[in-house]
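**Student:** One line per chain: the protein sequences are A and B, in this order.
Position 209 of the first sequence, counted from 1, bears residue number 202 in this note's numbering, the numbering being contiguous throughout.
Every number in this note's numbering is 35 more than the matching position in the second sequence, counting from 1.
Next up is a structure, given as structure tokens.
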Amino acid sequence: MDVIKEFKVIGKRLPSHDAVEKATGQTKYADDFALPGMIYGKILRAKYPHARIKRIDTSKAEKLDGVYCVLTHKDVPNNAIISRFGQTRAVGGFEGVYRVLAEGKVRYYGEPVALVAAETEEIAEKAIDLIEVEYEELEGVFDPREAMDPKAPKIEDGKSNVVARFKIRKGDVAKGFAEADVIVENEYMSQFIDHAYLEPEAGVAWVEDDGSITIRVSTQVIEHYREIAHVLGIPESRVRVITPKIGGGFGGKEDITVEYYLALLAWKTGRPVKIVQTREESLSFRSKRHPYKFKYKTGVKKDGTIVAVEAELISDAGAYMTLSPWVLLYSTVNAIGPYNVPNVKVDSYTVLTNHPPSGAYRTFGAGQACVAYEQQMDEVAKKLGMDPVEFRKKNYLKKGDTMANGWKIPNTVALHETTDLVLKYLGKKPKPSGPKKLVGMGIASGMCSYGRMIFLHDTSRSKVRLELDGSVTIECGVQDVGAGQEASLCQIVSEVLGVPLKKIRIISGDTAATPIAGTTTATRQLYMSGNATYLAAMKVRDNILTKASEIFGVDKSELIIEDEKIKTKDGKSISLRDIAVACAADGVELFCEAQFNAPFGEVPDPETGQGRVFPDFTYGTTGAIVEIDTETGEVEVKKIASAFDVGTAINPMRVEGQIEGGAAMGIGWALTEDVKFEKGIAKAQSFAEYIIATAVDVPEIKSIIVENHDGLGPFGARGVGEVVLAPVPPAVINAVADALGKRIKELPITGERILLALREKS
Amino acid sequence: MKKYPLEFKVNGKKYSVEVKPNVTLLRLLRSLGFTEVKAGCEKGDCGTCAVLLDGEPVNSCLTLALQAQGKEITTVRGLGTMEKLHPIQEAFVKYGAIQCGFCTPGMIISAKALLDKNPNPTREEIREAISGNLCRCTGYQKIVDAIEAAAKMMREAK
């Protein structure tokens, strides 16, 4: 569909349209908004990870001056709800089951039990303290492997804790292992990680004049308005969700955060209500990255050819199922990584425990798999006595190969290129800077899909309007988490219509005012809404070119659009303003809407896992050099580089921003970040205990963009937002293992664990 | 709780208010409409609430409002406007140092405090100066680039 061959705007390092407002502090995030008469909501949270609720007495709280209402599960019209996470199509087994407020029992420490709305936050907090809850503590289960035992305490009474399992069966692993010269078996794990976006969960809800509800909330999924309507027992048409600019999401604002509570409190009181969660609430009680336990068995020939991989993946779903089956399917499909393996057997399980519900988190399960398979690749190379890069190169997937799920790859896999570029930047492993130092170098390759699983039948819609003065308005329901979701659409329209960015305005993220564009998750907005917006802009373009061809008496193909003009080859031109006026006078549409549909498919076969699951993947490589202080156990990342084939970089500056941000996040995952649950209670409750990388903890980050222009997004783009994280943790972990001459298989690799490993070694 | 009178300036404009002694400067500023001062943790760990207090960078969540008595506060909105950006703001825009933007106001304030004292910092000094400001989006690379470029612009303008 691309008729535009030479880019004037695509590929340029143009500042985002909203950077100036953000630099000057104008942007009104969820908490920066207030309404007259607004009151404040607070949440009473469970004091035990697993307990029956014997009695809740709200009478004292209700009597407190300034309290407007106190709500428990009895006040929620539909308390047990099923979330479809904004998907277009119902698919059995993939819906998340929630309870808005705990009912009968609490399943995790911090689970919401009651809500209060009061005149001030202080009064609301006092009222929370006055609510009496009598609990009968139950035995909890905090390890997913233990929770799989039929005798383990049940999170959902009378039901198995295993809430989803997947299989992949490709070829014959027994035959594969029989052919193998070397077999390597290992176990790995990945820990609980918090999204640590800097903006805590927040929003304001109010009742409109017509009695409908509006919620202005920091969310990646405005389409939760459907679930909110269901909870309130009112038609979907009577709930509106608006998202302002989001102060970071990373998947943590994909699940419902405070929407239900806001809606219920506004509904019951008739007042505008604000809820802002504290950092402690965010860190301790909100969804986390699923921890995994992995078992890997890999069979290889002497020459380094992988002949078989068998893997077992167990993830901790936490106390409610939510997105866990989906995340698990990502891990399952990604379990062997970007390698060509003829015989594959994967068994994966996600298991309820008494932890807070695990949820979506950048890479959505593909990253955890990468942590495991890329460590295993190094271990196999070591056993073979082969260079880990050479071993990977021997097995990288390429165009035309078949993935473990049977999908034949139709486009470029540029892993040889990305790996070579990373290695070139890293150079030779340097000498240690002192006598008590160890230096290590590691690489890892990874992949992650962009676009949602194809059995969800994903769609996006967008509108583009050429105004009568030649400026442009885009209306598209994207949620902008800060990665440039809006800005990329502006840049696409600027290219198609020849309008400078400063004359383009985008209206986004409002279920009542913008076309539904789907979730800002799954690295799907550039792909889905980028294509929808491109198609809408192309309709406008075609309409104005048709009009111009009438005016100039030349064929449309003879016309070009640039610099706010339509030009003929012989030097005649008409401004966009004049052509817009001419079109309007003749009733030619200047306001065009388009829908983009992803490829549609079905759920893969449950017994074999065979079937296309994703529209496409993005691939890339990270390399890291670390230095370890053997006296303190401290790891310094000295050098890091990541290269990804992004298809086409709509804006290289923003692509680099994603790669760099992914690198810093991945360093934290490998080395410092851990929510550390002990018996269901988070030990990290502030950024003093939950350590994310600061500017002095990361080195200069080298981001390398490869462009093979054969992605499914506009102008051949591939998605980048998630994949940029996947290979970073294993690259750092492999570098540490190289330095130590020993692998620490528990994450994060803290100084303490390093000192312990050094002691064991000596 | 008894309220106490407080007089101070924000971005050059004088304010006379009455506040309880337990109110933080962050909460007071936000209640006065300075929503560019962000509440990321309210424990002094993230730096999103940084402002200049008589030219010195402070976490306003750890500063009591009454400590601002007679002082001059500068927030990011006091540095430049959308029409006329401060060079640091301009560099943040130009170099792609802003993603979600939630850390940006505090980050720019820390950069301003650094460049006021050290107009020609090394990249290491820049990193040190913003090490109290967390950013989850950018990996800090383009923020350091932007501050380095702003320093150059500001030196050349003198």
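Virtual Cβ for every residue (Gly too), placed ideally from N, Cα, C.
1) Taking 6 Å as the limit between beta carbons, can you name the residues of its chain near A:T110, skipping five residues before and five after?
2) Verify the CB distance criterion: does B:F127 have a CB-CB separation below 9 Å to chain A?
3) Between which two residues does the beta strand (DSSP E) holding A:A505 run?
4) Given this structure, state the Cα-to-Cα distance separating A:S453 from A:I186, to the nearest angstrom.
5) Buried or exposed for B:G68, going by 16 or more other Cβ atoms inside 10 Å?
6) In the region 169 to 190 of chain B, which residues sit with their C-beta less than 8 Å from some C-beta in chain A, listed in chain order?
7) Considering only the beta carbon of each residue, do A:F177 and A:V320 sit closer than 9 Å?
8) Within the 9 Å Cβ cut-off, does B:G75 reach chain A?
9) Once the 5 residues before and after A:R219 are set aside, which same chain residues still bring their CB inside 6 Å of it?
10) Between B:I165 and chain A, is any beta-carbon pair separated by less than 9 Å?
11) According to DSSP, which residues form a beta bridge with A:P105?
12) Kindly indicate the opening and closing residues of the beta strand (DSSP E) around A:S442.
13) Since A:S542 contacts A:L528 with CB under 8 Å, what's their CB separation in whole angstroms?
14) Going along the chain, which residues of the region 91 to 122 of chain B sit with their C-beta nearer than 7 Å to a C-beta in chain A?
15) Would you mind sorting A:M(-6) into buried or exposed? The rule is 16 or more other CB atoms within 10 Å of its CB.
16) Going by other Cβ atoms of all chains shown within 10 Å of its Cβ, with 16 needed for buried, is A:Q484 buried or exposed?
17) Quick one: list the residues of chain B neighbouring A:G378, beta-carbon separation under 9 Å, in chain order.
18) Please compile the residues from chain A whose C-beta is within a distance smaller than 7 Å of the C-beta of B:T70.
19) Under a CB-based cut-off of 9 Å, is B:D89 close to chain A?
20) At which residue ranges does the region 88 to 174 of chain A contain complete beta strand (DSSP E) runs of 3 or more residues, listed in the order of the chain?
21) Using the Cα positions of A:L748 and B:K49, report the straight-line distance between them to the nearest angstrom.
22) Could you tell me whether the Cβ atoms of A:S442 and A:Y285 are closer together than 9 Å?
23) How would you call B:R158, buried or exposed, if buried means at least 16 neighbouring beta carbons within 10 angstroms?
24) For B:N94, does the three-state DSSP call read helix, strand or coil?
25) Just curious, the beta strand (DSSP E) that A:S568 is in, first and last residue?
26) On the DSSP bridge assignment, give the partners of A:Q651 in chain order.
27) When you check each C-beta in the region 223 to 257 of chain A against every C-beta of chain B, which residues fall closer than 9 Å?
28) Does any CB atom of chain B fall closer than 9 Å to the CB of A:Y190?
29) Can you tell me which of A:G420, A:V471, A:T507 and A:V269 puts its alpha carbon nearest to the alpha carbon of A:A515?
30) In the DSSP assignment, what residue or residues form a beta bridge with A:A73?
31) According to DSSP, is B:M188 helix, strand or coil?
32) Quick one: Cα of A:K430 to Cα of A:K754, how far?
33) Anyone know if the C-beta pair for A:Y128 and A:K40 falls short of 9 Å?
34) Work out the CA separation of A:G164 and A:G511 for me, nearest whole Å.
35) Within 9 Å of any Cβ in chain A, is that where the Cβ of B:T157 sits?
36) Rounded to the nearest angstrom, how far is the Cβ of A:T325 from that of A:F159, given a contact under 8 Å?
**Tutor:** In short:
1) Residue identity check: residue 110 of chain A is Ala in the sequence provided, not Thr. I32, G34, Y61, C62, L258, T262 and V266, listed in sequence order.
2) yes
3) Segment: none, A:A505 is in no beta strand (DSSP E) and carries neither H nor E.
4) 30 Å
5) exposed
6) L169, C170, R171, C172, T173, G174, Y175, Q176, K177, I178 and V179
7) Just to set this straight, residue 177 of chain A is Val in the shown sequence, not Phe. Not in contact: A:V177 and A:V320 (Cβ atoms no closer than 9 Å).
8) yes
9) E229
10) yes
11) A:P105 is bridged by DSSP to A:R38.
12) K430 to Y443
13) With a Cβ gap of about 21 Å, A:S542 and A:L528 do not count as contacting.
14) T110, V111, R112, G115, T116, M117 and L120
15) Only weak support exists for where A:M(-6) lies, its pLDDT of 42 falling under 50; the value from the coordinates is given anyway. Per the 10 Å Cβ criterion, exposed.
16) Buried is the call here.
17) Ordered by position in chain B, no residue passes the 9 Å Cβ test against A:G378, which lies about 35 Å from the chain.
18) K21 and D25
19) no
20) Listed in chain order, the beta strand (DSSP E) runs fully inside the region 88 to 174 of chain A are 89 to 92, 105 to 111, 125 to 130 and 155 to 163, counting runs of at least 3 residues.
21) 56 Å
22) Going by C-beta atoms, A:S442 is not nearer than 9 Å to A:Y285.
23) exposed
24) strand
25) S566 to S568
26) The partner list for A:Q651 (beta bridge, DSSP) is empty, contrary to what the question assumes.
27) K238, I239, G240, G241, G242 and F243
28) At least one chain B Cβ lies under 9 Å of A:Y190.
29) A:V471
30) A:R92
31) helix
32) 15 Å
33) yes
34) 37 Å
35) no
36) 4 Å
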